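Line by line, the protein sequences are chains D and W. Each step along the first sequence adds one to the number in the working numbering, with nothing skipped, and position 218 is 218. If you want the working numbering, it's the position in the second sequence, counting the first as 1, plus 1000. The beta-carbon is built from N, C-alpha and C at its ideal position, and this holds for glycine as well. These numbers come from a predicted model, not from an experiment.
Protein chains: 2
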Amino acid sequence: MKTRDKIIQASIELFNDQGERNVTTNHIAAHLAISPGNLYYHFRNKEDIILSIYEEYARSLLLETLPKVSAEVKPLDSLVLYMDSVFQTTMKFRFFYSNLPVLLDKNPSLREKYVEVQQSISERVSQLLISLRAAEIIDFPDDSLADIVSILRLINTFWVSFYQTQTIVNEVNDSVFYQGVLKILVILRPYTKTHAINELNQACELYQQRYQEAVEALSLA
Amino acid sequence: MKTRDKIIQASIELFNDQGERNVTTNHIAAHLAISPGNLYYHFRNKEDIILSIYEEYARSLLLETLPKVSAEVKPLDSLVLYMDSVFQTTMKFRFFYSNLPVLLDKNPSLREKYVEVQQSISERVSQLLISLRAAEIIDFPDDSLADIVSILRLINTFWVSFYQTQTIVNEVNDSVFYQGVLKILVILRPYTKTHAINELNQACELYQQRYQEAVEALSLA
Chain D
1 MKTRDKIIQA
11 SIELFNDQGE
21 RNVTTNHIAA
31 HLAISPGNLY
41 YHFRNKEDII
51 LSIYEEYARS
61 LLLETLPKVS
71 AEVKPLDSLV
81 LYMDSVFQTT
91 MKFRFFYSNL
101 PVLLDKNPSL
111 REKYVEVQQS
121 ISERVSQLLI
131 SLRAAEIIDF
141 PDDSLADIVS
151 ILRLINTFWV
161 SFYQTQTIVN
171 EVNDSVFYQG
181 VLKILVILRP
191 YTKTHAINEL
201 NQACELYQQR
211 YQEAVEALSL
221 A
Chain W
1001 MKTRDKIIQA
1011 SIELFNDQGE
1021 RNVTTNHIAA
1031 HLAISPGNLY
1041 YHFRNKEDII
1051 LSIYEEYARS
1061 LLLETLPKVS
1071 AEVKPLDSLV
1081 LYMDSVFQTT
1091 MKFRFFYSNL
1101 PVLLDKNPSL
1111 REKYVEVQQS
1121 ISERVSQLLI
1131 SLRAAEIIDF
1141 PDDSLADIVS
1151 ILRLINTFWV
1161 SFYQTQTIVN
1171 EVNDSVFYQG
1181 VLKILVILRP
1191 YTKTHAINEL
1201 NQACELYQQR
1211 YQEAVEALSL
1221 A
């Protein structure tokens, strides 16, 4: 692995484990047993590392997993798989989402890229909801679309952060993002048409099962 | 005003305007033209100031406004007024919510109080939803209650933060919390019983109007 990539990987790990705020470029260099000078050869400062993490990893994960609306995948599956992958991304980069407004304020280039990605995601989530409506899985009035999209994205962005603030012991594991997907299905349920409730229930059961398995795997570990 | 209260007021203002992370106890002392020693007489460190802000202000605002379920106030009004006051509180202490998981990780006493308050709020929001169901305004199955409460609280907690991450220019004003209340009404709409839709629409129109007025006041300013 190239030094630059090693720095990025170590930074993600240290930021998630110890909090981005408590980790300096010196800590990162010491963790990798490289000189601070070597780190500065690759990155100007910590903000530059965070920008690269977002630009090279989070951004591409969020955009690559944007599902294409196709005839081959059922619309509900497209939406659920997409939400699943968004929650996985927010878990993987949870240091980033746990103080997102602060990080964006500190770093105008990061804000610019983040806002641009958010706009693409909004458009795609809108398309997914419209295709769910066209397939007669859900129904909603046109003037509710933008609000439903906002609510789904707010849950996507802050579910892991919310989870981290609800208990005395702050521990995240795979069960957390399965719970996030289940919350999305709760939002969709009242919009679901009667004949499609079974399909929604199947998706709920699948994620309920994954959630249980993740909890059990944890208690065995 | 006592020095201790002056320190708290100035800290809230500086944290909101400049970001809590960029404000040191020395900045706060300089802003008030007092010596750092005088500040340390009242507070051990910045974490201690944040703990006091939460303990004396945010916590009491969040708990005092917990509406009593009574025969005099319509259940929908109780819920809407409560959500309104929660959003006002998150606006007033937005520095706190914009990196909540990070602040709670740094400060175990703060986490303990926060989690305790969250549990009270959850119970009260549950009661409000149950009284809305008893009044036949909304309907939902028992096993959805906990999820709906979580979703409403997630929106309460992170709406202002979400708003702050959606545009290139990060500016918050009163229109933001009216939009938050409108999002809560979007969540409730599909659960609303047919004969109560007018009541919900009236609440939406009221907050839509407040939102418009806030936007207009801003463009005049």
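Asked: Residues of the stretch 128–153 of chain D whose Cβ lies closer than 9 Å to any Cβ of chain W, in chain order; Found: Phe-140, Ser-144, Asp-147, Ile-148, Ser-150, Ile-151 and Arg-153
Asked: Distance, W:Phe-1093 Cα to W:Ala-1058 Cα; Found: 7 Å
Asked: Short CB-CB distance (under 9 Å) between W:Ser-1020 and chain D; Found: Looking at the sequence provided, one finds Glu at residue 1020 of chain W rather than Ser. Interface residue, yes.
Asked: Interfacial residues, the stretch 113–129 of chain D to chain W, with Cβ spacing under 8 Å; Found: Tyr-114, Val-115 and Gln-118
Asked: Contiguous alpha helix (DSSP H) assignments of at least 4 residues, all confined to the stretch 1028–1064 of chain W; Found: 1036–1042, 1046–1053 and 1059–1064
Asked: DSSP bridge partner residues for D:Thr-192 (one or two, in chain order); Found: D:Ile-138
Asked: Range covered by the alpha helix (DSSP H) that runs through D:Arg-94; Found: 94–97
Asked: Cβ-based burial, W:Asn-1156 [other Cβ within 10 Å; buried from 16]; Found: buried
Asked: D:Arg-111: contacting residues in chain W (beta-carbon distance under 7 Å); Found: Ile-1168
Asked: Within 7 Å of chain C by C-beta, residues of the stretch 80–108 of chain D in sequence order; Found: Of the protein chains in the structure, D and W, none is chain C.
Asked: Residue environment, D:Ser-219, which counts as buried when at least 16 other CB atoms sit within 10 Å; Found: exposed
Asked: Residue-chain proximity (W:Tyr-1041, chain D), Cβ-Cβ < 9 Å; Found: no
Asked: Closest residue to W:Lys-1183 among W:Leu-1100, W:Gly-1037 and W:Cys-1204 (Cα-Cα distance); Found: W:Cys-1204
Asked: Beta-carbon neighbours of W:Ser-1175, restricted to chain D and to distances below 8 Å; Found: Correct list: empty, because the minimum Cβ distance to chain D is about 15 Å.
Asked: Residues of the stretch 186–211 of chain D with Cβ closer than 9 Å to any Cβ of chain W, in chain order; Found: Val-186, Ile-187, Arg-189, Pro-190 and Tyr-191
Asked: Exposure label - W:Thr-1003; buried when at least 16 CB within 10 Å; Found: exposed
Asked: Chain D contacts from the stretch 1050–1062 of chain W (Cβ-Cβ distance under 7 Å); Found: none
Asked: Beta-carbon gap between W:Leu-1154 and D:Phe-158 smaller than 9 Å; Found: yes
Asked: Host alpha helix (DSSP H) of W:Leu-1218 (start-end); Found: 1197–1220
Asked: Cα-Cα separation between D:Leu-100 and D:Ser-161, rounded to whole angstroms; Found: 10 Å
Asked: Range of the contiguous alpha helix (DSSP H) that encloses W:Ser-1150; Found: 1145–1164
Asked: Separation of D:Leu-62 from D:Glu-123, as counted between CA atoms; Found: 13 Å
Asked: Beta carbon proximity, W:Ser-1161 to chain D, threshold 9 Å; Found: yes
Asked: 9 Å Cβ cutoff, D:Ile-7 in contact with chain W; Found: no
Asked: Contact set for W:Gln-1118: own chain, Cβ-Cβ below 8 Å, skip 5 residues either direction; Found: Arg-1153
Asked: Residue from D:Ala-214, D:Pro-36, D:Gln-18 and D:Arg-21 whose Cα sits closest to the Cα of D:Ile-7; Found: D:Pro-36
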